[in-house]
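Visitor: Got a structure for you, questions after.
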Amino acid sequence: MLEIRVEPRGHVTVVVIQGSVDGLTADSLLGALQKEVAGGRTRLVADLSGVEYTSSAGLRALLATVKDARRHGGDLRLAAVTVNVRKVLDLSGFTSILKLYDEVDAAVGSFGAADRAAGEEAI
Amino acid sequence: MSERAHSPRIAVVVGSGGMKCAAAVGMWKVLHRERIPVDLAVGCSGGAIYTAAMALGMHPEEAERHTLVMWEGLFRQIHYRSVFRSLLSRWLGFNERTGLIDDRAIARVMETLYGDATFDDTRIPLHLAATDLHTGERVDLDSGRIADAVRASIAIPVLLRPWRVGGRLLVDGGASDPLPISIAIREGADIILAMGFETPPRAQLDSLLSLAGQTTSIAVNHLLRSTYAFYSAVHHAEVIPLLPSFDQPIRLSDTHLLPYIIEQGERAIEAELPYLRRLIAAADGVGDRAGPAGQGEAARGPARAAAGTLDAETT
Chain A
1 MLEIRVEPRG HVTVVVIQGS VDGLTADSLL GALQKEVAGG RTRLVADLSG VEYTSSAGLR
61 ALLATVKDAR RHGGDLRLAA VTVNVRKVLD LSGFTSILKL YDEVDAAVGS FGAADRAAGE
121 EAI
Chain B
1 MSERAHSPRI AVVVGSGGMK CAAAVGMWKV LHRERIPVDL AVGCSGGAIY TAAMALGMHP
61 EEAERHTLVM WEGLFRQIHY RSVFRSLLSR WLGFNERTGL IDDRAIARVM ETLYGDATFD
121 DTRIPLHLAA TDLHTGERVD LDSGRIADAV RASIAIPVLL RPWRVGGRLL VDGGASDPLP
181 ISIAIREGAD IILAMGFETP PRAQLDSLLS LAGQTTSIAV NHLLRSTYAF YSAVHHAEVI
241 PLLPSFDQPI RLSDTHLLPY IIEQGERAIE AELPYLRRLI AAADGVGDRA GPAGQGEAAR
301 GPARAAAGTL DAETT
């Protein structure tokens, strides 16, 4: 139902998510993302190109990770968001508090040197 | 009975949206067809019309028949005495129970749909949201005559006169809570099918009324999104938003669009069906309990089988 693959990209970690992020899978996603943050990998990009559905439970998992990552000086940024998921993010106001990028590379590149320094200091 | 104990409690919430709320009939038809039981109905404004009928056990096809005729001319007749008194309020005094529309046609629809039924007559719990005109509070109506509660919940400010229920003067629930998800959460729903309606901005503002309407729509749209965001983020209940999309603005006089509105309601719930079925099956732990009509009856718990319009015996 949900596949999660973690790909280190320099000082950024890309989490490739495929499937449905919902009440049945959100705990798995949250666990995987929290594991990255706990391991000091707080600059996260979620590649959502393979996610066609997210529910309120999925939103809660993303929100918890964003708060966690930012508390540690990092961030969770979303890339390649599909139309259906974008609608839910818009409706819930998440697009006004999260950074979204059309491409994964752009999201990775958005973490500049300053982010890196700040993140390392916070850990 | 043990299965019942583990079944998720499903609520239908239909928010304010004028005639667009007829999309609830589309959702209702699909839930009925798929034998997905509903444990709780919550409505607001136009949504109150449909959730009340649903809770009373009306068949969705009957609701559709009513819908295709009952909106015609509902808001056409001006209440001239109110207009006159409003214009001359300095001399005649202002009556806060004023509305620009003659509501006798609406009273007839209330009578046809609900008669003297009360909340005690519903097959599943029903809650309707209205707004206290004097305090601004959201009021949760769950007792008394259903026709009065619905009439209060649909009292569009300025157009329909406020309605007195239980000593309080009430107006449209959309003024305080256009999508009362909170009631469903408070009543213990695990899965909330939340059908809400945004009003797109008007292309042209050519009158004082259109200006006032635009401002109100903007405020209600933001309130709707904030409500969804808040309850999605903070509560464990699964809130499934159903936002039928319309390719054109829909006014109260666009009754020719009713079949289209109902169809868009069907589409909105159809898109969520795969996930809804998975959720129900996972919570029950007994496989896909809900299924197309004729396939799922044996798997449904007896208490739920009696739940309102989704009961096969009511067809």
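Line order of the protein sequences matches chains A and B.
Number 42 in our numbering belongs to position 42 of the first sequence; there are no gaps in the numbering.
Number 239 in our numbering belongs to position 239 of the second sequence; there are no gaps in the numbering.
Even glycine gets a Cβ: it sits at the ideal position worked out from N, Cα and C.
Just so you know, these numbers come straight off a predicted model, no measurement behind them.
Report the option in B:Gly-93, B:Gly-196, B:Asp-103, B:Arg-33 whose CA atom is closest to the CA atom of Val-14 (chain B).
Guide: In the second sequence, residue 14 (chain B) corresponds to position 14, counting from 1. Comparing Cα positions, the closest option is B:Gly-196.
Visitor: Could you give the first and the last residue of the continuous beta strand (DSSP E) run that contains Val-38 (chain B)?
Guide: Looking up residue 38 (chain B) in the second sequence gives position 38. Careful: Val-38 (chain B) lies outside any beta strand (DSSP E) and carries neither H nor E.
Visitor: In whole angstroms, what is the alpha-carbon distance linking His-256 (chain B) and Cys-21 (chain B)?
Guide: For the purposes of this step, residue 256 (chain B) is identified with residue 256 of the second sequence, where counting begins at 1. For the purposes of this step, residue 21 (chain B) is identified with residue 21 of the second sequence, where counting begins at 1. So the two alpha carbons sit approximately 15 Å from each other.
Visitor: Three or more beta-carbon pairs under 8 Å between the stretch 108-128 of chain B and the stretch 43-52 of chain B, yes or no?
Guide: A contact exists between the stretch 108-128 of chain B and the stretch 43-52 of chain B.
Visitor: Using only CA atoms, which one of B:Val-234, B:Arg-278, B:Ser-226, B:Gly-47 lies nearest to Ile-185 (chain B)?
Guide: Counting from 1 along the second sequence, the entry for residue 185 (chain B) is found at position 185. Comparing C-alpha distances from Ile-185 (chain B) to each of B:Val-234, B:Arg-278, B:Ser-226, B:Gly-47 shows the shortest one belongs to B:Val-234.
Visitor: Would you mind telling me which residues of chain B sit closer than 8 Å to Arg-60 (chain A), beta carbon to beta carbon, in chain order?
Guide: Along the first sequence, read from residue 1 onward, the residue named residue 60 (chain A) stands at position 60. Under a criterion of Cβ atoms nearer than 8 Å, the residues of chain B adjacent to Arg-60 (chain A) are, in order, Ser-232, Ala-233.
Visitor: Just to confirm my understanding: we take Thr-112 (chain B), look at its own chain, exclude 5 residues before and 5 after, and list those with CB closer than 8 Å. What are they?
Guide: As a working note, residue 112 (chain B) is residue 112 in the second sequence. Excluding positions up to five away in sequence, the list reads His-66, Met-70.
Visitor: Keeping to the same chain, check which residues put their C-beta closer than 8 Å to that of Arg-77 (chain A); ignore five residues upstream and five downstream.
Guide: As a first step, residue 77 (chain A) must be located in the first sequence, where it is residue number 77. Cβ within range, chain order: Leu-44, Val-45, Ala-46, Leu-98, Lys-99, Leu-100, Tyr-101, Ala-107, Ser-110, Phe-111.
Visitor: Taking the continuous beta strand (DSSP E) assigned at Leu-242 (chain B), which residues delimit it?
Guide: Within the second sequence, residue 242 (chain B) is the residue found at index 242, counting from 1. Unbroken beta strand (DSSP E) run through Leu-242 (chain B): 238-242.
Visitor: Scan the stretch 142-224 of chain B and note each continuous alpha helix (DSSP H) run of 4 residues or more that stays entirely inside, going in chain order.
Guide: 146-153, 181-186
Visitor: Pair every Cβ in the stretch 27-45 of chain A with every Cβ in the stretch 54-70 of chain A, then say whether three or more of these pairs are closer than 8 Å.
Guide: yes
Visitor: Which residue from B:Ala-53, B:Thr-131, B:Ser-176 puts its Cα closest to that of Arg-161 (chain B)?
Guide: For the purposes of this step, residue 161 (chain B) is taken as residue 161 along the second sequence, with counting starting at 1. Of B:Ala-53, B:Thr-131, B:Ser-176, the residue nearest in Cα terms is B:Thr-131.
Visitor: So, are the CB atoms of Ala-105 (chain B) and Ile-146 (chain B) less than 7 Å apart?
Guide: One-based indexing of the second sequence puts residue 105 (chain B) at position 105. One-based indexing of the second sequence puts residue 146 (chain B) at position 146. Not closer than 7 Å, so no.
Visitor: Step through the CB atoms of chain A and report whether any lies within less than 7 Å of the CB of Arg-186 (chain B).
Guide: Numbered from its first residue, the second sequence carries residue 186 (chain B) at position 186. No, no contact with chain A.
Visitor: Would you say Val-109 (chain B) faces chain A, with C-beta separation under 7 Å as the test?
Guide: Taking the first residue of the second sequence as 1, we reach residue 109 (chain B) at position 109. No, no contact with chain A.
Visitor: According to DSSP, Tyr-101 (chain A) sits in a beta bridge with which residue or residues?
Guide: Counted from its first residue, the first sequence places residue 101 (chain A) at position 101. Bridge partners of Tyr-101 (chain A): A:Ala-79.
Visitor: Against chain A, which members of the stretch 254-277 of chain B pass a CB distance test of less than 7 Å?
Guide: Tyr-275
Visitor: For Asp-22 (chain A), return the contacting residues in chain B, with the cut-off set at a CB-CB distance below 7 Å.
Guide: In the first sequence, residue 22 (chain A) corresponds to position 22, counting from 1. Within 7 Å Cβ-Cβ: Tyr-275.
Visitor: Can you tell me which of the three DSSP states Ala-107 (chain A) falls into?
Guide: Walking along the first sequence from the start, residue 107 (chain A) turns up at place 107. Correct three-state label for Ala-107 (chain A): helix.
Visitor: From Ser-245 (chain B) to Ser-207 (chain B), what does the alpha carbon distance come to, in whole angstroms?
Guide: On the second sequence, residue 245 (chain B) is found 245 positions in, with the first residue counted as 1. On the second sequence, residue 207 (chain B) is found 207 positions in, with the first residue counted as 1. Rounded to the nearest angstrom, the two C-alpha atoms are 27 Å apart.
Visitor: Return the residue from the list B:Ile-250, B:Pro-249, B:Pro-241 that minimises the CA-CA distance to Leu-89 (chain A).
Guide: Here residue 89 (chain A) corresponds to residue number 89 of the first sequence, with the count starting at 1. Nearest option by C-alpha distance: B:Pro-241.
Visitor: Compute the Euclidean distance between the alpha carbons of Val-15 (chain A) and Ser-92 (chain A), then round it to the nearest angstrom.
Guide: Position 15 of the first sequence, counted from the first residue, corresponds to residue 15 (chain A). Position 92 of the first sequence, counted from the first residue, corresponds to residue 92 (chain A). Straight-line Cα distance between these residues: approximately 22 Å.
Visitor: Near Asp-39 (chain B), which residues of its chain fall below 8 Å by C-beta distance, leaving aside the five closest residues on each side in sequence?
Guide: As a first step, residue 39 (chain B) is located in the second sequence; it is residue number 39 there, counting from the start. Hits under 8 Å: Arg-9, Ile-10, Ala-11, Ile-124, Pro-125, Ala-189, Arg-304, Ala-307.
Visitor: So which residues of chain B does Ala-63 (chain A) contact, with C-beta pairs closer than 7 Å?
Guide: What you label residue 63 (chain A) is simply residue 63 of the first sequence in a count that begins at 1. Correcting the residue type first, residue 63 (chain A) is Leu in the shown sequence and not Ala. Simply Ala-233.
Visitor: When the Cα atoms are used, what is the spatial distance from Ser-232 (chain B) to Tyr-80 (chain B)?
Guide: On the second sequence, residue 232 (chain B) is found 232 positions in, with the first residue counted as 1. On the second sequence, residue 80 (chain B) is found 80 positions in, with the first residue counted as 1. In this structure, the alpha-carbon of Ser-232 (chain B) lies about 45 Å from that of Tyr-80 (chain B).
Visitor: What residues from chain B crowd round Val-173 (chain A), counting only those whose CB sits closer than 8 Å?
Guide: Residue coverage of chain A in this structure runs from 1 to 123, which leaves residue 173 (chain A) outside it and unanswerable.
Visitor: DSSP has Arg-9 (chain A) in a bridge; who is on the other side?
Guide: For the purposes of this step, residue 9 (chain A) is taken as the residue at position 9 of the first sequence. Arg-9 (chain A) is bridged to A:Val-12.
Visitor: Residue range of the alpha helix (DSSP H) that Glu-266 (chain B) falls in?
Guide: One-based indexing of the second sequence puts residue 266 (chain B) at position 266. Residues 258-284.
Visitor: Out of curiosity, what's the CA-to-CA distance linking Asp-105 (chain A) and Thr-98 (chain B)?
Guide: Counting from one through the first sequence, the residue named residue 105 (chain A) turns up at place 105. Counting from one through the second sequence, the residue named residue 98 (chain B) turns up at place 98. For Asp-105 (chain A) and Thr-98 (chain B), the distance between alpha carbons rounds to 60 Å.
Visitor: So, does the CB of Gly-31 (chain A) fall closer than 7 Å to a CB anywhere in chain B?
Guide: Along the first sequence, one-based indexing puts residue 31 (chain A) at 31. No, because no Cβ of chain B sits closer than 7 Å to the Cβ of Gly-31 (chain A).
Visitor: Measuring straight from C-alpha to C-alpha, what distance separates Gln-18 (chain A) and Thr-25 (chain A)?
Guide: Position 18 of the first sequence, counted from the start, is the residue given in the question as residue 18 (chain A). Position 25 of the first sequence, counted from the start, is the residue given in the question as residue 25 (chain A). Their backbone Cα atoms lie some 11 Å apart in a straight line.
Visitor: Sort out for me which residues DSSP pairs His-127 (chain B) with in a bridge.
Guide: As a first step, residue 127 (chain B) is located in the second sequence; it is residue number 127 there, counting from the start. Answer is B:Val-42.
Visitor: Is the stretch 82-99 of chain B in contact with the stretch 150-169 of chain B, if contact means three or more CB pairs nearer than 8 Å?
Guide: yes
Visitor: To the nearest whole angstrom, what separates the beta carbons of Ala-237 (chain B) and Ile-192 (chain B), a pair I think is in contact under 8 Å?
Guide: Residue 237 (chain B) sits at position 237 when you count from the first residue of the second sequence. Residue 192 (chain B) sits at position 192 when you count from the first residue of the second sequence. About 6 Å; that satisfies the 8 Å criterion.
Visitor: Which residues, taken in chain order from the stretch 156-171 of chain B, show a beta carbon closer than 8 Å to some beta carbon of chain A?
Guide: none
Visitor: Is it right to say Lys-29 (chain B) is buried, meaning 16 or more other beta carbons lie within 10 angstroms of its own, or is it exposed?
Guide: As a working note, residue 29 (chain B) is residue 29 in the second sequence. Classification of Lys-29 (chain B): buried, given that the 10 Å Cβ count is 16 or more.
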